[in-house]
Structure formats: C-alpha cells, structure tokens
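**Q**
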Amino acid sequence: MTIDQQREVLDKTYRMLTEFAGKPPRGSVAPWWETSKEGAQLLLDYGIEYDHSMSHTDCEAYYLRTGDTWTNIDYKKKPEDWMKPLVKGQDTGLVEIPANWLIEHMKKHEGVEFVTMAEICDEFKKKNPAPAGAVLPAPPGAML
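For the sequence shown, position 74 matches number 161 in this note's numbering, and the numbering has no gaps at all.
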C-alpha cells in the first residue's frame, strides 16, 4: 500500500475503534504481522503507545527503532565489500511487545497470569524510560 492508503486505513480503523470502545486505542497489531517502513511513524502520529507486530527479541518488550540500514551480503564479493556494521536508525517511544507462540503451552501450567498488552506497556514504560531523543507517540486522541 502507498503511505496515503496506509494512513486512510489507520484513520478509518482508529476512528471506528474509538467510537466502539469510547476511547482511542493504545496499541496495534498489523494484519498477518506484516508491517511497512512507514508504519511505526503512522502509529506514533496517532498516539499509539505499543505495537505487537514484530518479534525481534522473542518475548521481551523493547522500544522500537526505525530506519536501521545494513549492507546486503553478496558472497560473490570479497568480505570487505559487505562486512559492514548495522547503522542504527531513530529511537522511538513506541513499545514493541513481540508476537510469540507460547501461550498454548503456558496456559497449561499453574500459576500463569495473563495480562493485557496495555498492562505490559504500562509496566515496561514504568521501568524503562524512552531513550533520550526518541520520537514519542502523540497524545491519545490527537488525531480525532
């Protein structure tokens, strides 16, 4: 989708969810966990505090970073052509709560507590301030 199409879809669903729930949504999950390079900024623009579409750390929440770049490996070339470090992009205040597939296994055990993603987001932010200079989410409801 183009950036305009992504924005239109997000705007429509954001407004529908706000009307249905009586308050703006705090989190997002991309359909089929398919994201775009513009997706994080759109979520930040809408005041979304957390996302559940990636799985970089398997099961630990973290602040999402956007715009990382790296050199593709071309084994036909010499290592000095492609052995370059990751260039880190912009820190954000968007909490990433990784998708994982352990729930079916975990719920079979005693003492397991399930909490909402909003609760995970709140607890993570309480213990981990956003990185200095991070792009933070807009205030809730700012796009209405």
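Using N, Cα and C, we set each Cβ at its ideal position, and we do this for glycine too.
Closest by CA to Glu191, which one among Phe201, Leu173, Asp161?
**A** The sequence position of residue 191 within the sequence shown is 104, counting from 1. For Glu191, the nearest C-alpha among the options comes from Phe201.
**Q** Unbroken alpha helix (DSSP H) runs of length 4 or more, entirely within the region 101 to 146: which are they?
**A** Those alpha helix (DSSP H) runs which fall completely within the region 101 to 146 and span 4+ residues are 126 to 132.
**Q** Tell whether a beta-carbon distance below 8 Å holds between Met230 and Tyr101.
**A** Your numbering for residue 230 matches position 143 in the sequence shown. Your numbering for residue 101 matches position 14 in the sequence shown. A contact, by the Cβ cut-off of 8 Å.
**Q** Could you give the distance in angstroms between the alpha-carbon of Val199 and the alpha-carbon of Glu210?
**A** Taking the sequence shown and counting its residues from 1, the one referred to as residue 199 is at position 112. Taking the sequence shown and counting its residues from 1, the one referred to as residue 210 is at position 123. Whole-angstrom Cα-Cα distance: 17 Å.
**Q** Could you check if Val174 is buried or exposed, using at least 16 other CB atoms within 10 Å of its CB as the buried criterion?
**A** Here residue 174 is taken as the residue at index 87 of the sequence shown, counted from 1. Exposed, by the Cβ-count rule.
**Q** Could you tell me the distance, in whole angstroms, from the CA atom of Asp98 to the CA atom of Gly154?
**A** Looking up residue 98 in the sequence shown gives position 11. Looking up residue 154 in the sequence shown gives position 67. Answer to the nearest angstrom: the Cα atoms are 23 Å apart.
**Q** Is the number of C-beta pairs between the region 107 to 121 and the region 129 to 148 that are closer than 8 Å three or more?
**A** Flag = yes, the region 107 to 121 and the region 129 to 148 touch.
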